[in-house]
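Residues in the sequence shown are numbered from 24 upward in steps of one, following my numbering.
Idealized CB from N, CA, C, for every residue including glycine.
Keep in mind the model is a prediction, meaning the values are calculated, not measured.
Here the structure is laid out as structure tokens; the discussion comes afterwards.
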Amino acid sequence: MLVVALVLLAIVWIGAVGSRSFFTVQLMFTWGTFLASVGLAAAVWRRRLLIYATSIALLLIGAASLQVLVLRPDPSVDPLLFHSGVWTHGPVPLRVGWARAAMGLVIVASGLALPFSIARRHNLALCALTVLRLSLWAGAFWQVAYFILDGRFERLTDRAAALVQVILAMAMVVSWSVLLPGDRRWLRTLTDSDRTVSMARFILPVAMVPVIGAYLTASGTRLGLFAPDVGLLLNVEISSVTLLLVGVAALRSLWRERRGRETLANALERSPVIVHSEDGRIEYWPRGCEALYEYTAAEAVGRRSSELLQTRFPTPVKDIEATLHRQGEWAGELSQITRSGRRIWVASRLVVDRPTSDPGLKIVETLTDITDLKRTGAALTATNDAFAQAVATYELGIVDYDAGTGRTSFSPELERILGVKPGALGSDQRVWMSLMASSDAQRVTGWFYEDVRNPTTRRTLTIKVRRADGELRDLQGMLRYSLSADGNLERIVGIYMDVTDQLRDRAEVAARGARLMELQSELTHTSRLSAMGEMAAALAHELNQPLTAVGNSVGAIELILQTDKPLDDKVRQRVLRAAKHAEVQAVRAGEIVRRLREFIARGEADTQAEDLNDLIDDAIALALPNPGAVQVQVRKSIASEAANVLADRIQIQQVMVNLIRNAVEAMREQDTPRILTIAATASDGMALIRVADTGVGVADEAVETLFSPFLSTKRDGMGVGLSICRRIVEAHEGKMWFQPAEGGGAEFRFTVPLISREAKYVGN
Ligand code: ADP
């Protein structure tokens, strides 16, 4: 393009040298330059109407000048174009005709090219803009050149001034070619830089200057204000200044462009960008790539990147090439290996570039290291999967309130729990609240206000919600509040699980447990009653004794009082003694009845401080009211440290009664002395109570099952006594076990907490 333009310029220039009639050319160029400027500005601003108008005007001028040349090679037509025929002389020599023809063609070419500039992205449009600009430059340059070379010019001014202008003009051309040696891309800066918009604003008024100048000087000359030569000189000066201004602007634009490109190049150098030649070899490998892949430019340039980096493509390379061919670009994620063997992930974007200066195409690849992103992404996916799995496994329903949009979303599982169709809940939080039992809704709302003011990040709750079919379900859930950095509420996520069935099961278990406890206490009580039944005879006999004694004493008193004799002191003393005896025996009988009543009473288990001595005495009195009758010696020893226990009196008595009765039973057939030892010592914060006998003992194989219920060696035994005893002791946090007694017989041991131990705990 440049070459063509320069050749054209040269033709015009050489042609003009021999001409003596430069004015026609100058006028044509003035108009051409002006219109080309207008067209260029219109093209930049994309004013279609103006583009077409300018195009037509340029074609007309071009056609007119060609017509002048072909049909009437007479410069006298010039006044038609411009109303100053002052400087035209005679027939035009043929050489000048060529020059004018060339210029005419340039103008016609501008006119033809202009409409193409509308489609700016098109190559033809770029050519059109270039033609226009060249026309402009050529025109402006020519105006100066031909005046300087005009023979008459020498007469008007001295050579020094002319020389200055020649130097000026030449400097401009030279600067263009020297400024960017070998870099022919400067032409593009004239065509597709965004800066052409600001250039257009500049070009248009400046282009007006020679035209206005020409009008003024022509008019001035016609009106006789100054001599034609002076007018001509003025015109030359004005044109020169114009050229200078346009030239400076162009240079500035070029300089800026260059600086911009340098900045860009620096940035590029630091970015991971690869330029591939058409055959896929690396041509450009900036520092950015060196940093990313650890290969130096020397190692990388000339290689194929897919081989160098062992690239794994997401799709077959053929497909990528096809996409590149079809759309001119491709983007995707690649897995590659760096020089040190590290596997990295990059987001790659390939763009096909067809540089104007180079034959063949280039593929520019921009890369972004997304290894960390990928890794985080993978972790996130794993977390999401795990979460989704948890949601699916535990059938979790999710209510997600977004404070930003005020919308609430409900997960499909929640819709299923509530028995509604997908999407039926909409996005209103109030719909959700309305499904809750009103007390729950109030509670949740209360929390909401509390938590917003005083943020807690988590809340657990159990609420009742009404399903679409009216059924009430229990949901157990957790609320999580997300707050922004400045403390504003962003989200509330509620995760809910339907626990209706579990709660029902739990209630059933609890009910079963309560029933079991009732049964147990029933059993304990029954066992006491049965023991009572068995003890009844002995106790009746026991009760008989004091009652008989009371009877006897009262009889004796009666006898004494029946005599008419006055009561002397001796008699009075006897009566008093008998009465005292009766009282003591009555109290004894009352005690027996009290113990019995206590023992069979069904009361709530009540643990309190008890005197172990009393407790054991009562138990012995109940279980063995008359040891002499069964020939049993009772040896009781309660250590003083073990005297105070924390126990349910009746229950521990039941244990003691049971053990004593079993012991007596075991010694029934015995000829040797029947000794029942009851001892209590303190050990480790517990009272250890031993009940030992000298009876038949327990066979080894029976020891295992001793405490199992319903195993008895007795004819009428139920075998539940020991199992109940052990449970009572364990309920007291004690232990109960069996061990053979020294010298034969059986020994049962159990522990109950000592009061001092409790006191110590409280003290701590
Ligand atoms: P039951 O007295 O109704 O048989 P227990 O649970 O009180 O029920 O006793 C279970 C069994 O343990 C008795 O049948 C007896 O064989 C054995 N047993 C209990 N105490 C003694 C003891 N002091 N000496 C020998 N055997 C005993």
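Would you check whether the ligand ADP has a heavy atom nearer than 7 angstroms to the C-beta of residue i?
i: G744; result: yes
i: V721; result: yes
i: T736; result: yes
i: A702; result: no
i: L647; result: no
i: A686; result: yes
i: G718; result: yes
i: L729; result: yes
i: A689; result: yes
i: A413; result: no
i: A662; result: no
i: A642; result: no
i: A769; result: yes
i: N636; result: no
i: N681; result: yes
For residue i and residue j, what's the separation of their Cα atoms in angstroms?
i: R218; j: R279; result: The predicted position of R218 is uncertain, since its pLDDT is 47 and thus under 50; a value taken from the coordinates is nonetheless stated next. Roughly 10 angstroms between the two C-alpha positions.
i: A533; j: T523; result: 15 angstroms
i: F773; j: N681; result: 13 angstroms
i: T334; j: I360; result: 7 angstroms
i: V610; j: E756; result: 36 angstroms
i: Q465; j: Y472; result: 11 angstroms
i: V577; j: E688; result: 37 angstroms
i: A710; j: E770; result: 16 angstroms
i: G788; j: A644; result: The question about residue 788 has no answer here: the residues shown for the chain are numbered 24 through 787.
i: Q596; j: S746; result: 55 angstroms
i: E727; j: T547; result: 22 angstroms
i: D509; j: D474; result: 15 angstroms
i: A601; j: K588; result: 18 angstroms
i: L239; j: F139; result: 34 angstroms
i: I751; j: Q676; result: 10 angstroms
i: F57; j: L287; result: 35 angstroms
i: P776; j: T630; result: 11 angstroms
i: A290; j: T346; result: 28 angstroms
i: A563; j: E614; result: 13 angstroms
i: A39; j: S88; result: Residue placement at A39 cannot be trusted, given a pLDDT of 40 that sits under 50; what the coordinates show is reported in the next sentence. So the alpha carbons of these two residues sit roughly 15 angstroms apart.
Among the candidates the options, whose CA atom is the shortest distance from the CA of residue i?
i: V374; options: E301, G364, A402; result: E301
i: R551; options: R618, L83, D707, A601; result: R618
i: D451; options: T431, I130, P445; result: T431
i: K659; options: T704, G446, P138; result: T704
i: L128; options: A86, S140, I141, F139; result: A86
i: G429; options: V443, K593, G449, G442; result: G449
i: A572; options: A563, L584, E606; result: E606
i: F730; options: W760, L332, L246, E664; result: W760
i: D641; options: W470, V678, G651; result: V678
i: Q671; options: P650, E633, Q693, T391; result: Contrary to the premise, residue 671 reads as Asp rather than Gln in this sequence. Per the Cα distances, E633.
i: P569; options: N649, L82, T549, S553; result: N649
i: K758; options: E765, D707, T736; result: D707
Less than 8 angstroms separating the beta-carbons of residue i and residue j?
i: Y504; j: L437; result: no
i: E356; j: I393; result: yes
i: E621; j: I701; result: no
i: P763; j: G720; result: yes
i: I778; j: L638; result: no
i: I305; j: G283; result: no
i: I661; j: L635; result: yes
i: I84; j: L137; result: no
i: R372; j: E352; result: yes
i: V653; j: I683; result: no
i: R365; j: S358; result: no
i: D342; j: I440; result: no
i: M690; j: V655; result: yes
i: I486; j: E388; result: no
Would you say residue i faces chain C, with C-beta separation under 8 angstroms as the test?
i: D640; result: Protein chains in the displayed structure number just one, and chain C is not present.
Does the beta carbon of residue i fall short of 7 angstroms from some heavy atom of the ligand HEM?
i: E724; result: Summarising the ligand content, the structure contains the ligand ADP and does not contain the ligand HEM.
Are the segment 421 to 434 and the segment 511 to 525 in contact at 8 angstroms, needing three or more beta carbon pairs? yes
So does the segment 485 to 500 actually touch the segment 451 to 462, counting three or more Cβ pairs closer than 8 angstroms? yes
Say whether the segment 439 to 455 touches the segment 396 to 410, bearing in mind that this needs 3 or more beta-carbon pairs closer than 8 angstroms, one atom from each stretch. Contact fails: fewer than three Cβ-Cβ distances are below 8 angstroms.
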